[in-house]
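Written out below as C-alpha cells is the structure these notes cover.
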Amino acid sequence: MKIVVPKEIAADEHRVALVPDVVAPLTKLGLEILVEKNAGGGAHFSDADYEKAGAKIVADASQLYGQADVVLKVQKLSDKEAGQLREGAVTISFLQPASSADLIKILVERKITAFSMELVPRISRAQKMDALSSQANLAGYKAVLIAAASLGKYFPMLMTAAGTIPPAKVLVLGAGVAGLQAIATARRLGAQVSGYDVRPAVKEQVESLGAKFLEFQLSQKDTEDKGGYAKELSEEDKKRQQQWLADQTKDFDVVITTAAIPGRAAPRLITKETVERMRAGSVIVDLAAETGGNCELTEAGKEIVKHGVTIHGTLNLPSTIPIHASQMYARNISELLKLMVKDSKLNLDFKDEIIKGACVTHEGRKF
C-alpha cells in the first residue's frame with residue numbers, strides 16, 4: 004500500500020505531514036512511503052533524511068497522486084490536488100469541513116474517502132491522534148512570545164538600581180489547550196497572569212499553573228459539551244460577558260484570546276468599545292482570527308493598531324514552529340493511519356468510533 008506525502012502548497016505553510024522519525028515505523032508495517040522532493044524542507048527535514056528512514060523521494064506531486072492509496076497532508080487538498088487523486092483513494096488532513104463545501108463536493112464525486120484531523124473524537128483512546136491539541140499547544144506558546152515582543156514593557160518584575168519594575172499583567176481568555184499553554188508560558192516569563200473561561204471546571208487547571216482565575220456568574224449553567232469544548236452562550240449572557248470583560252481588560256497590558264466553538268464563528272469577547280478603554284501600548288493577540296476573531300477589531304493575518312492598542316490577527320502559528328509542529332502532527336496522523344491498517348492493507352472499520360467520527364466522505368457520499 005502506497006502512502007504519499009506531498010509538499011504543502013498553502014501560503015506560509017512550513018509543516019510536513021510525516022517526518023523521517025515516523026517513516027521508519029510505518030515501513031516496518033509493510034507500507035511504502037513516497038515523499039515529494041523537498042516536502043520537508045520548510046521544517047528542515049532533508050530528502051536524504053527521508054531516504055535513510057526508508058521513504059522514496061518522488062520529483063513531482065503529479066506523479067504521487069495518481070498512484071496514491073493514502074495521501075497525508077497538513078492542510079486540506081486544493082481542488083486541483085483532489086482532481087488528481089484516483090477514484091477510491093484516501094486522504095487525511097486538517098480538512099476544515101465546515102468551510103470546504105466545494106472541495107467536499109469534488110471528493111464525493113471522485114469517491115474519495117476523506118478523514119479530517121479536526122474531527123478525531125476527544126476520547127482517551129484517541130489522545131495520540133489529537134492533532135488539534137498538539138498544534139494548539141504550540142499556538143498558545145508562540146502567542147505569548149508575540150505579545151512579549153510587541154509590549155513596550157518587561158514581562159517579569161525586576162529590581163534594579165533605577166528602581167523596581169512591576170511585572171506585566173496578562174489576561175488569557177479561554178482555558179483550553181492553547182490557553183493553558185499561554186498561561187504557563189507567560190508565567191515562565193515572569194508575568195502576573197489571570198485566566199478566564201466560561202467553564203468553571205477549568206478553574207483548578209488555571210490555578211495549578213500559578214494564575215488567578217477570574218470568575219463571572221453566567222445564567223447558563225451547562226457551558227461544556229461532551230467533547231469538553233465550551234458551548235455557545237445565550238445572547239443575554241454574551242452581552243453580559245462582553246460588558247464584564249470590558250471592565251476587566253482595561254487593567255491588563257496583554258490580552259490573549261483563544262476562545263473557539265467547533266464548527267462555529269469565534270465568540271465575540273472584546274468589542275471595539277472595550278479596546279477603546281484599554282491602556283495605550285497594550286497588546287491583544289487573537290488566536291481566533293481565522294474564524295472571525297474574539298476581538299471585534301481583529302483583521303485576520305494582520306497586525307494593526309487601534310486606539311493605541313496593538314492587535315495581532317495571527318494565523319497558523321504552529322507553522323512558525325515547523326520542526327516541532329511537524330514532529331507532533333506526524334505522530335498524530337501516523338497513529339490514526341495505523342488504526343486503519345491491518346496486514347499491510349487498508350482496513351476501514353466504521354464500527355470504530357474514531358474512524359467513523361473522523362470520516363467526512365466515503366464511497367461517493369458525505370459520511
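Per my numbering, the very first residue in the sequence shown carries number 4; after that it's consecutive.
All residues carry an ideal CB built from backbone N, CA and C; glycine is no exception.
Owing to the predicted nature of the structure, the values given are computational and were not obtained by experimental measurement.
When the beta-carbon positions are compared, Phe48 and Ala361 stay at least 9 Å from each other. The alpha-carbon separation between Lys131 and Asn335 amounts to approximately 6 Å. Considering only Ala134, Gly57, Pro203 and Ser65, the residue with the shortest C-alpha distance to Ile95 is Ala134. DSSP lists no beta-bridge partner residue for Asp82. Under the 8 Å Cβ criterion, the segment 182–192 counts as touching the segment 138–152, having at least three qualifying pairs. Just so you know, the alpha carbons of Leu176 and Thr261 end up roughly 6 Å apart. The segment 18–30 makes contact with the segment 319–328; the number of CB pairs closer than 8 Å reaches 3 or more. As for any beta strand (DSSP E) of minimum length 3 sitting wholly inside the segment 38–77, the runs are 59–61, ordered along the chain. Collapsing the DSSP output to three states places Met331 in a helix. Gly179 has its alpha-carbon roughly 14 Å from the corresponding atom of Ala214. As DSSP reads the structure, Asp289 sits in a beta bridge with Thr260.
Excluding residues up to 5 positions away in sequence, Gly266 lie with their Cβ nearer than 6 Å to the Cβ of Ala101 in the same chain.
Residue pairing for Arg368: DSSP places it in a beta bridge opposite His365. As computed with DSSP, Met162 is found in a beta bridge with Thr167.
In the DSSP assignment, Gly198 falls outside any alpha helix (DSSP H) and within the unbroken beta strand (DSSP E) covering Gln195 to Tyr199. Considering only Ala104, Ala146, Lys10 and Ser347, the residue with the shortest C-alpha distance to Lys369 is Ala104. Assignment of Ile115 by DSSP, reduced to helix, strand and coil, places it in the coil class. For Lys241, the enclosing alpha helix (DSSP H) starts and ends at Glu238 to Thr252. In the DSSP assignment, Val8 falls within the unbroken beta strand (DSSP E) covering Lys5 to Val8. Taking each of Ala187, Asn41 and Pro203 in turn and checking the Cα distance to Val196, the smallest one comes out for Ala187. In this chain, the beta strand (DSSP E) harbouring Ile307 covers Glu306 to Lys309. At the C-beta level, Ala64 and Glu39 come within 9 Å of one another.
DSSP places Ser337 in the helix class (H, G or I) of the three-state scheme. Taking the Cα positions, Gly44 is about 14 Å away from Val61.
Per the C-alpha coordinates, the member of Asn41, Ala58, Asn319 and Ala42 positioned closest to Leu29 is Ala58. Contact check for Arg271 against Gly304 fails: the beta carbons are separated by 9 Å or more. Taking the Cβ atoms as the reference, Lys5 lies roughly 6 Å from Ala71, within the contact range of under 8 Å.
Our two residues, Phe353 and Ser237, have alpha carbons roughly 36 Å apart in a direct line. The alpha-carbon separation between Ile358 and His365 amounts to approximately 11 Å. For Leu221 and Ser81, the gap between their C-alpha atoms comes out near 42 Å. About 17 Å separates the beta carbons of Gln251 and Leu300, which is beyond the 8 Å limit, so they are not a contact pair.
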